[in-house]
Amino acid sequence: MFDMDLSKNKATYNFFTQGAAVTEVELDVLTGDWHILRVDILMDVGTSLNPQIDIGQIEGGFMQGVGLYTMEELQWGDEKQHGWIPPGQLYTLGPDTYKIPSFSDVPIDFRVSLLSNSSNPRAVFSSKGIGEPPLLFGTSAFFALKQACTAYRKQQGLENYFTLHSPASVERLRMACADEFTRRACNDQSHETFQPKAHLTEHQQKLSAELNSIINDYDQFKQSVNEKQPNLDLIKQIDQWEEKSIKSVKETADECRNKVVQETKLFIKEIEKKLGKLIEYIKNIRKDNDFNESNLNYLRDKLKETTRQFNNSINITLEQDTSQSFIRKISIKMSNATDSHGSSSPPVIYNSCSSKAWLDLQFHENSKTIKKPDEIEPMYEPPSLIDEQILNRIQGSMIGLALGDALGAHVEFRPHNYLVAHPVTELRGGGTWGLEKGQFTDDTSMALCLANSLIVNHGFNAYDQLVRYKWWYKYGYMSSTGQCFDIGAANKQSIDEFNRRQNRLSKEKNIPKEKIDSLSDRELLDSFPVYCSEEGVASSGALMRLAPVPLFFYRNPQAAVEFSGFSGQITHGDTRVYDACRYYGALIVAALQGESKYELLDDQFYEKHKTWFSGKDLHPDIKSIAEGTYKNDKGYDGGIRGKGYIVNALEAALWAFWSTKNFEDGALAAVNIGDDTDTAAAIYGQLAGAHYGYDQLPRKWTRHVYAEDFMKMLSKWIAYEGECWTK
Numbered sequence: 161m162f163d164m165d166l167s168k169n170k171a172t173y174n175f176f177t178q179g180a181a182v183t184e185v186e187l188d189v190l191t192g193d194w195h196i197l198r199v200d201i202l203m204d205v206g207t208s209l210n211p212q213i214d215i216g217q218i219e220g221g222f223m224q225g226v227g228l229y230t231m232e233e234l235q236w237g238d239e240k241q242h243g244w245i246p247p248g249q250l251y252t253l254g255p256d257t258y259k260i261p262s263f264s265d266v267p268i269d270f271r272v273s274l275l276s277n278s279s280n281p282r283a284v285f286s287s288k289g290i291g292e293p294p295l296l297f298g299t300s301a302f303f304a305l306k307q308a309c310t311a312y313r314k315q316q317g318l319e320n321y322f323t324l325h326s327p328a329s330v331e332r333l334r335m336a337c338a339d340e341f342t343r344r345a346c347n348d349q350s351h352e353t354f355q356p357k358a359h360l361t362e363h364q365q366k367l368s369a370e371l372n373s374i375i376n377d378y379d380q381f382k383q384s385v386n387e388k389q390p391n392l393d394l395i396k397q398i399d400q401w402e403e404k405s406i407k408s409v410k411e412t413a414d415e416c417r418n419k420v421v422q423e424t425k426l427f428i429k430e431i432e433k434k435l436g437k438l439i440e441y442i443k444n445i446r447k448d449n450d451f452n453e454s455n456l457n458y459l460r461d462k463l464k465e466t467t468r469q470f471n472n473s474i475n476i477t478l479e480q481d482t483s484q485s486f487i488r489k490i491s492i493k494m495s496n497a498t499d500s501h502g503s504s505s506p507p508v509i510y511n512s513c514s515s516k517a518w519l520d521l522q523f524h525e526n527s528k529t530i531k532k533p534d535e536i537e538p539m540y541e542p543p544s545l546i547d548e549q550i551l552n553r554i555q556g557s558m559i560g561l562a563l564g565d566a567l568g569a570h571v572e573f574r575p576h577n578y579l580v581a582h583p584v585t586e587l588r589g590g591g592t593w594g595l596e597k598g599q600f601t602d603d604t605s606m607a608l609c610l611a612n613s614l615i616v617n618h619g620f621n622a623y624d625q626l627v628r629y630k631w632w633y634k635y636g637y638m639s640s641t642g643q644c645f646d647i648g649a650a651n652k653q654s655i656d657e658f659n660r661r662q663n664r665l666s667k668e669k670n671i672p673k674e675k676i677d678s679l680s681d682r683e684l685l686d687s688f689p690v691y692c693s694e695e696g697v698a699s700s701g702a703l704m705r706l707a708p709v710p711l712f713f714y715r716n717p718q719a720a721v722e723f724s725g726f727s728g729q730i731t732h733g734d735t736r737v738y739d740a741c742r743y744y745g746a747l748i749v750a751a752l753q754g755e756s757k758y759e760l761l762d763d764q765f766y767e768k769h770k771t772w773f774s775g776k777d778l779h780p781d782i783k784s785i786a787e788g789t790y791k792n793d794k795g796y797d798g799g800i801r802g803k804g805y806i807v808n809a810l811e812a813a814l815w816a817f818w819s820t821k822n823f824e825d826g827a828l829a830a831v832n833i834g835d836d837t838d839t840a841a842a843i844y845g846q847l848a849g850a851h852y853g854y855d856q857l858p859r860k861w862t863r864h865v866y867a868e869d870f871m872k873m874l875s876k877w878i879a880y881e882g883e884c885w886t887k
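Under my numbering, think of the first position of the sequence shown as 161, with each following residue one higher.
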């Protein structure tokens, strides 16, 4: 028998297990419905005899606890509420009369860990009991739900203590989320308990009393109605900031943990590799019976060296950045929505640090060569499922862009008459840049930079986009070769200007240069001039990389169109670039939303989707294209050109899409126009890929696309983070 006086040392507490659980829930305050977003459980089971069984027991126990504390309501017979049940008799005898957890109640992100280095030498095989204790972790879901109710009640002006009985059923949660509707059905107007009104007469009496109270207080109410009310929308934004900050901390901690595990595994693998070579050497000399003292000394020295490396282990330390606040401080200020020139500034989703380090600048161990996209550690899957049809279109657009780029790369700058004599019919390597089959150029590299920025920042951050373009220019970030090549004059000029502005800011604000790329101060980001292009720059280097923006924001067409324009404007200052990106972004959004090819190519597309353009008309040159000037049966002979000028490039891409019936024929048509072949085909591939979908791209080509798996996973994160941004 257990003696609660532990000082007597008579208890069998060596077998007791313990643990902790943290649960994150999302509660619909209008219905009382909820679900668990994530749970983290750490359990001490000593030395686990079978981790799979133990983890399964913990998961099952937790779900039983969730049912016990949030769903399984006991109903006994009484005269008032359950008159149809004999007094004192339990009605809810089984799952047919009370609710139990189902598959849909399992946490979206379910993480269970066993405490390491927790041996229990006084127990059988150093283990501890596990049994039913994990059931108690279900209370974390209960209290998380109560905290959610508390937060909502504060918004309603109710900060008093309230009782939430277990189980926290949907009905109880809805009543706890006090509002005008619950007040009509709640006996206790202080909302400290949640018993429904028992009798209509009592209900009518209370209504009469409330009416009299309202009449008596009418004069005071009339005076107060003119007073400034709290800005609930702003409070909601503050709540969102709080949630995102907590999420950022959790994600960063998880990534650091994963990094430690990965680096340790790599270190051990390297040691095993060295040891394997020595063992193989021993086998060979023993087999040949050909060894002497020199061989033995060599083996002893190598063994000592490898042992010393292993004992010293890998040097991993935790570095804390104290130069900047990890969680960005927020403040309330009033400001004008436009700058001195009257043009809107691109909105910025601030993020104090990268929450997805695998998309940041990474070098190999020698610190000299950069990790290329196909060398970056495998990315983990997004925490929720992605709509397969949408993912098919997003992957089609991203891979389609890369395919067009790679298809045209080996004949870039070749004139039309050359391609008439030597038409491109297949994906090939060599040519202009000497690339391998499927390797891409600047078009796709910059698109990947843009996609990474959207994912890491959970939205549009022009400063971070320019940082990543600079990484590509300076280090070869997201390049298929590990080096920057084929950079256009406009992009080069803008990146150089951005670098100069960064250096000025570094000197003025005394910011170390190694910190300037991770700038997180809100005021500095707000004031930084991100439009780095000279006026009148109208080349196609912005349109070629566009796809990630409309793919990310497609659920909000107005935002997608406006951000598409901003994404081009930061490096290309001409209005035609801004409007070309807006128009093409709208086409990609429409393709993702399932509009037919006929609807996409409708001469009235712009007029029918005018609300997406926020009342801003298109430049006449772009508007004429939107009205169908690209529909030219003669192609090149009719004036279609694959030049670097934005108007030509847009027209050529749309002509290729209009004049063909599948992705392959359209891509070849775009390339064989000549001149800036890779860009024309890359622009075509964005829209055509979104329309046809990844599964309709020619597999004989896609299997050769450089870093295809990386881009397919990146597409999943574009879909996931875009959905989170919309919510």
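We put the beta carbon where it would ideally sit given N, CA and C, even for glycine.
Keep in mind it's a predicted model, so treat the numbers as computed, not measured.
Could you give the distance in angstroms between the alpha-carbon of residue i and the alpha-carbon of residue j?
i           : j           : result
residue 444 : residue 565 : 50 Å
residue 307 : residue 775 : 43 Å
residue 884 : residue 404 : 11 Å
residue 210 : residue 290 : 12 Å
residue 578 : residue 696 : 31 Å
residue 844 : residue 813 : 4 Å
residue 742 : residue 314 : 42 Å
residue 740 : residue 795 : 20 Å
residue 179 : residue 683 : 43 Å
residue 408 : residue 253 : 44 Å
residue 217 : residue 297 : 12 Å
residue 188 : residue 712 : 26 Å
residue 230 : residue 338 : 19 Å
residue 789 : residue 822 : 21 Å
residue 418 : residue 272 : 15 Å
residue 435 : residue 530 : 28 Å
residue 334 : residue 266 : 21 Å
residue 596 : residue 646 : 15 Å
residue 190 : residue 281 : 53 Å
residue 140 : residue 867 : Nothing can be reported for residue 140, as the shown portion of the chain is limited to 161 through 887.
residue 276 : residue 420 : 15 Å
residue 525 : residue 428 : 15 Å
Select from the options the residue whose C-alpha is nearest the C-alpha of residue i.
i           : options            : result
residue 612 : 520, 594, 557, 561 : 520
residue 782 : 796, 725, 832, 824 : 725
residue 642 : 649, 409, 633, 575 : 633
residue 878 : 328, 733, 545, 780 : 545
residue 718 : 671, 640, 771, 748 : 771
residue 824 : 872, 681, 652, 860 : 860
residue 865 : 640, 635, 431      : 640
residue 263 : 220, 536, 299, 764 : 220
With a CB to CB cut of under 6 Å and the five nearest residues on each side skipped, what residues in its chain are close to residue i?
i           : result
residue 658 : 626, 692
residue 500 : Summary for residue 500: the model assigns pLDDT 33, below 50, so the residue's position carries little reliability, and this model does not support an answer.
residue 184 : 197, 198
residue 700 : 804, 806, 809, 839
residue 816 : 826, 829, 830, 844
Return the chain-ordered list of same chain residues with a C-beta closer than 7 Å to the C-beta of residue i, the five sequence neighbours on each side being excluded.
i           : result
residue 841 : 564, 565, 567, 568, 827, 830, 831
residue 553 : 751, 752, 850, 853
residue 592 : 569, 570, 571, 572, 573
residue 237 : 245, 246, 247, 248, 249, 251
residue 679 : 623, 685
residue 205 : 177, 214, 274, 287, 288, 290
residue 193 : 330
residue 233 : 252, 258, 327, 329
residue 324 : 306, 309, 332, 336
Assuming contact is defined by CB atoms lying nearer than 9 Å, are residue i and residue j in contact in what I supplied?
i           : j           : result
residue 235 : residue 258 : yes
residue 676 : residue 874 : no
residue 608 : residue 533 : yes
residue 603 : residue 561 : yes
residue 687 : residue 706 : no
residue 543 : residue 880 : yes
To which residues of the same chain is residue i closer than 8 Å at the C-beta, ignoring the five residues directly before and after it?
i           : result
residue 311 : 399
residue 463 : 438
Could one say the Cβ of residue i lies closer than 9 Å to chain D's Cβ atoms, at least one of them?
i           : result
residue 701 : Chain labels in this structure do not include chain D; a single protein chain is all it has.
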